[in-house]
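Chains as they are written, first to last, in the numbering used here: chain A, 59 to 405; chain B, 59 to 405; chain C, 59 to 405; chain D, 59 to 405. Positions of the beta carbon are idealized from the N, C-alpha and C atoms, including for glycine.
Protein chains: 4
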Amino acid sequence: MSMNNVFGDLFSVMTFGESHGPSLGAVIDGCPSGVNFDISLLEKDLRQRRPGQSEVVSGRNEPDSPQVLSGVFEGKTLGTPIAIIVNNKDQRSEDYNEIKKSPRPGHADDVWLSKYLHTDYRGGGRSSGRETVSRVMAGSVAKMMVKQLYPDISVLSFCSQVGELKLSQKEVESIVDKATPSDIYNSLVRIPIKDKSKQVEELLLKAKAQGQSYGGLAQVIIKNPPSNLGEPVFNKIKAVLAQAYLSIGATNGVDLGQGFDAVKAEGTEFHSGEASNYGGIRGGITTGETLQMRVSFKPTSSVLDVAKKGRHDPCIVPRAISVLEAMTWLVLADFTLKDRLSRCTGT
Amino acid sequence: MSMNNVFGDLFSVMTFGESHGPSLGAVIDGCPSGVNFDISLLEKDLRQRRPGQSEVVSGRNEPDSPQVLSGVFEGKTLGTPIAIIVNNKDQRSEDYNEIKKSPRPGHADDVWLSKYLHTDYRGGGRSSGRETVSRVMAGSVAKMMVKQLYPDISVLSFCSQVGELKLSQKEVESIVDKATPSDIYNSLVRIPIKDKSKQVEELLLKAKAQGQSYGGLAQVIIKNPPSNLGEPVFNKIKAVLAQAYLSIGATNGVDLGQGFDAVKAEGTEFHSGEASNYGGIRGGITTGETLQMRVSFKPTSSVLDVAKKGRHDPCIVPRAISVLEAMTWLVLADFTLKDRLSRCTGT
Amino acid sequence: MSMNNVFGDLFSVMTFGESHGPSLGAVIDGCPSGVNFDISLLEKDLRQRRPGQSEVVSGRNEPDSPQVLSGVFEGKTLGTPIAIIVNNKDQRSEDYNEIKKSPRPGHADDVWLSKYLHTDYRGGGRSSGRETVSRVMAGSVAKMMVKQLYPDISVLSFCSQVGELKLSQKEVESIVDKATPSDIYNSLVRIPIKDKSKQVEELLLKAKAQGQSYGGLAQVIIKNPPSNLGEPVFNKIKAVLAQAYLSIGATNGVDLGQGFDAVKAEGTEFHSGEASNYGGIRGGITTGETLQMRVSFKPTSSVLDVAKKGRHDPCIVPRAISVLEAMTWLVLADFTLKDRLSRCTGT
Amino acid sequence: MSMNNVFGDLFSVMTFGESHGPSLGAVIDGCPSGVNFDISLLEKDLRQRRPGQSEVVSGRNEPDSPQVLSGVFEGKTLGTPIAIIVNNKDQRSEDYNEIKKSPRPGHADDVWLSKYLHTDYRGGGRSSGRETVSRVMAGSVAKMMVKQLYPDISVLSFCSQVGELKLSQKEVESIVDKATPSDIYNSLVRIPIKDKSKQVEELLLKAKAQGQSYGGLAQVIIKNPPSNLGEPVFNKIKAVLAQAYLSIGATNGVDLGQGFDAVKAEGTEFHSGEASNYGGIRGGITTGETLQMRVSFKPTSSVLDVAKKGRHDPCIVPRAISVLEAMTWLVLADFTLKDRLSRCTGT
């Protein structure tokens, strides 16, 4: 559809809200009736997105208490639009006149001004990372629906590299096999391997002090997906996941399975049977095997923002993990509904 | 939208056609009136997509003569849907009963059957690469519109790696600076540097003889784009280009600007000013600078298809180049129309 | 969606073709796999749409043989887009230069020229009634799917008034109760009551000779619909049926149940229990009872077209009947798929 | 699109909210930047929708103070989604257990339960007339945009019949010529002719006392529209206006121009030149002439609701007027944006 602030065709979420406006919100149209609505899950997901838990990540201190305005009654969804908002409280008294006069380097301030001629220059308006609150709220509802239908499915996202520091292939595999979401969110940098987590924390604290920032890599794993998700041709599930992930700020690459590493592979070896080579997808459709994707992030540009030095995020990946997870659930929810339409069997 | 065979919201193309059915086609809804329609450009674009020009790529020998069924009158578009078809002629007498009984490994045959319960098993049906004929036809019309509005814009796509053989950074830069589409399409493997082209051709001929296949890398460059293309939040131009490219079969990764290489970059260096670091996009919107993207492809799976051995494509990238170009034009056309709606200035 | 030539959200049809261009066509995206495809039904529906069967209606003598280009294999739909075209053959040698210079009064020629600046002036281009060929083809496929799921459902459309000549309430009721589609299509004027049919035929023959034309009324009845069709708020089934019918040329009104006659009704009487008062719809959703709608048509404007005098249609309703039926099936097909998404029960 | 709670393709509004839930709201996606946002107009439009102004109409006593949550900054729209909510306050302590056990006759309670299996039975949930608050808020923003682009355009809606009491053709014409929106909203029953207004008020007071209700007729007039609005084939402006109006509860008919009265007209007379015969539309596109539509409403079913007797609305038309107006502005806003895409002239 041409609506720019809508994601998903059947399980559709429209998001709204400026960084320093009154509220941020998400309205979900297309969630069927009868989904058990778990407000504590929603609150937990929002907490896990929250910056400000540590010195490692910067950010505002917002309680982010979600208010469900519609679509839920007596603990279940009604099949009507589900609107959820959080109000902005901590609107720091930054010198916005500065920003107004000189757009921040590396940010979207000037391209927005070129496009819209009138912008909310306070803290990036809608180009701020704060926009992702809406995605996490919607993703939480998507998760409720998908897990009600497919109880075994799970989505794991974690950080596998910051700057030169990276997990070994073996460490990644062990996370895929054994880590739980709690393992991941218990790490400030979303790396569920203790010593690596510690090393990255130290790197980032130093970077923060020195006015440095790093790029990084996130992994997303979908375990026990149903088969048949994805629509051939333009809406292959890999294509839509890529759109979902690259719609997040600071991302600049995505691959699946062996991805860019498969470029130099020889076909006879590549196709010799390990599922992970394909990343759980064939012909754009899930096979029921585990899906594996990687998303790359560029170094945060706030390093250039003199006004923010010392308060900037030295690497965006730890904050992006819960957003990647949310976008994954939104894609899964949409394709779950789409697959209901594929076959003419019964009504 | 939920239509699975439509790409683009405002400049929308619906494609149809099975590999061994009567015809393949594209219907474009949303092309404005008054675009000069250049049938010879369309024919040329189809020729450049065509496999079968050499021993290096396999494929059917189809004339692919486009028939324009509607939407064009006296050399100009009418603002009504533009339907274009090509008829299938060369429907090789492969032993389809074989395929019917045993889906080809690595292909989508079995996942389609799982999803749809009834499939056209002859040559992959709609999961065949032949489907891209429709994309190239639609991309050609998109190019006509975009170039009429922005005469300086150009799109270059070329192959920069096959297996271990790759262009140096310097060679890539020289192509970005100086190569023309003709330079690219004059190379059978779509590498506009003579000796590298020769080496890759030899590699692929050998692979073909030996039943081997390789992955590869394609680059897409957009020169002189207008600024303001891309819609913030979910429809950032990087996100939609990624969807466009990963909707092509055998792709498994996309990045832009420094992409995956920026993971290990330090922020102070990364943001020191070279446009190519950002890939011509900020905040999801074009800045007017050159856009650079890379797309990775896995080794072709037809290497596993015993029936096809000796006739298989040893690397898909050469055949994918014109499809990547077409998808790029479709994205540009759609965002060109979308940007008309951004500002309330005049009617 | 913003696509102007698409009808339906899930069972979506994109139509194309100019009156005097090479072909007219419909591409259906969203028809599930496994629908038994009945080509003879499609051909029959096209015959029933065809003008030229008699002196009463004008029109070209086109065979309208449908060609199915994709989406059907071994007698069943594949779940891929179904493209169907008919080629134009009889392109009468009217003096198009006349029309080019002076747009026909009452036609859309001049408003199209104002909007698009460039038009196909031959026979109205896409504003011609010939465009409805595409609707009938798509409606035929919709009917195949809906009847496979709900074998008892039927759609009846017939003419109930031409000028001052109208059926009595009792005659309408008897048709609703007992008439079959064959009864209707056996009447040249689509009135399945012999003497009334005869009277209207005579009226129209006289009108044709005298250069006169009449408005008229059509009825559409849906018998044995499933309940639960229709989506509350903006996509109430009454709203979407109204859009469907008023998208047909020359229509200028639609009502359902008692419709305009209920304006003067008293509530205590109106709500005293006869289903037909509601027209089978409550809250925008089907109740399982019979739906009844009426559509009004203005007198044909071709009466003003000096060039056509003696060859004009003296009343459009007889030709519109099969188009109303087709649009009804399209709405039913779309809502049938939509209702699959309402409840979260099972996968 | 398949989203059921969205109206409009380019100027799109998603609405949410149950009658007795926390809030009702509208989010507009697609309003361009730079529209002067007039909060006092929004408040005024909401006041004009409000029931409870008199004995003639029933309803809750809600202040309906709109809160703009996003999309507006320093008095102008940003081009980002505009979210507006009103909170529900007056949630009457009706005996909902009664409703839960026995769905109200003539209402949508039972059809919703059939479709969704789980409903908010308090006051109709989302099938309540209270849902129209969202429409009026969105329509108000649409009006701001359209009037900024076309300052001369105006929309008038008024009541022209209640039960047997109706305005003469001459009275209707005089309203079309001379009445202002204030004239209309100053009448409790939205009839800007003093004695007729008085007579209808008396009729309705009596009906209320006697437990009676009436159907009625509303008129909608668009004066000084731009030409070129409307998209041929499926999105003719008449078709989309019909959908818009019939998406309002209790409506059961719509016509335009002479509408149902033209059925018996002879063509030579009908086409003799008076614009109003066509209702300002030709080929589905505005000609720049005045548009005239009529919408019929059935008698309110709350007359059957024993619990509400004495508090019911004896006729819905007076309350529907501002909703018809809002829907008209939404259609105009959407087509205004669509027409920007019709022609390829400049960028």
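What does a CB cutoff of less than 7 Å around residue i pick up in its chain, not counting 5 residues either side in sequence?
i: D/Ser186; result: Ser77
i: D/Ala265; result: Ser271, Tyr272, Pro372
i: D/Leu68; result: Gly88, Asp392, Leu395, Lys396
i: A/Arg188; result: Ser77, Leu82
i: D/Gly133; result: Asn94, Phe95
i: A/Met202; result: Val93, Asn94, Phe95, Asp96, Leu99
Give the secondary structure of residue i by DSSP, where H, G and I count as helix, E and B as strand, and everything else as coil.
i: C/Arg180; result: helix
i: D/Thr348; result: coil
i: A/Leu136; result: strand
i: A/Lys356; result: coil
i: B/Val247; result: coil
i: C/Ser98; result: helix
i: A/Thr73; result: strand
i: A/Arg108; result: coil
i: A/Leu127; result: coil
i: B/Arg340; result: strand
i: C/Ile86; result: strand
i: A/Ala141; result: strand
i: A/Ser380; result: helix
i: A/Gly315; result: coil
i: C/Glu324; result: strand
Which whole-angstrom value describes the C-beta separation of residue i and residue j, a residue pair presumed to lie in contact below a C-beta threshold of 8 Å?
i: B/Thr344; j: B/Pro284; result: 7 Å
i: B/Phe95; j: B/Thr135; result: 6 Å
i: B/Ile315; j: B/Tyr336; result: Sequence check: residue 315 of chain B is Gly here, not Ile. Yes, they are in contact, since the Cβ atoms of B/Gly315 and B/Tyr336 sit about 5 Å apart, within 8 Å.
i: C/Val71; j: C/Ala84; result: 5 Å
i: D/Ile280; j: D/Val234; result: Not a contact, Cβ separation roughly 11 Å.
i: A/Gly79; j: D/Ser128; result: 5 Å
i: A/Leu399; j: C/Arg401; result: Contact flag wrong, Cβ pair sits at about 14 Å.
i: C/Gln125; j: C/Ile97; result: The pair is not a contact, with the Cβ atoms about 10 Å apart (cut-off 8 Å).
i: D/Phe65; j: D/Leu299; result: That pair is no contact at about 12 Å.
i: B/Pro163; j: A/Gly325; result: With 8 Å as the limit, B/Pro163 and A/Gly325 do not qualify as a contact, their Cβ atoms being about 11 Å apart.
i: A/Ile211; j: A/Glu229; result: Wrong, their Cβ atoms sit about 24 Å apart, outside the cutoff.
Leaving aside the five residues before and after residue i along the sequence, list all residues of the same chain whose C-beta is less than 6 Å from its C-beta, in chain order.
i: D/Gln219; result: Gly274, Leu275
i: D/Ala48; result: For chain D, the structure presents residues 59 to 405; residue 48 of chain D sits outside this window and is missing.
i: D/Gly221; result: Tyr272
Would you say residue i reaches chain G, if we count a Cβ-Cβ gap shorter than 9 Å as a contact?
i: D/Gln301; result: This model lacks chain G altogether; the protein chains it does include are A, B, C and D.
With a threshold of 8 Å on Cβ separation, who are the neighbours of residue i within its own chain once the five nearest residues in sequence on each side are excluded?
i: D/Ile339; result: Gly288, Lys294, Ile295, Lys296, Leu314, Gly315, Thr345, Leu349
Would you check if there are 3 or more beta carbon pairs closer than 8 Å linking the stretch 160–168 of chain A to the stretch 91–104 of chain D?
no
Go through the stretch 255–306 of chain B residue by residue and report every complete run of the beta strand (DSSP E) that reaches 3 residues or more, in order.
274–281
Touching or not, the stretch 257–264 of chain D and the stretch 337–354 of chain D, by the rule of three or more beta carbon pairs under 8 Å?
These segments do not touch.
With three or more beta-carbon pairs closer than 8 Å as the criterion, would you say the stretch 158–165 of chain D touches the stretch 375–394 of chain C?
Here the stretch 158–165 of chain D makes no contact with the stretch 375–394 of chain C; the two share fewer than three CB pairs at distances below 8 Å.
Threshold first: 3 residues or longer. Then list the beta strand (DSSP E) segments lying entirely within the stretch 162–239 of chain A, N to C.
212–220
Can you find at least 3 beta carbon pairs, one from the stretch 180–195 of chain A and one from the stretch 242–249 of chain A, that sit closer than 8 Å?
no
So, do the stretch 293–312 of chain C and the stretch 290–302 of chain D have three or more beta carbon pairs nearer to each other than 8 Å?
yes
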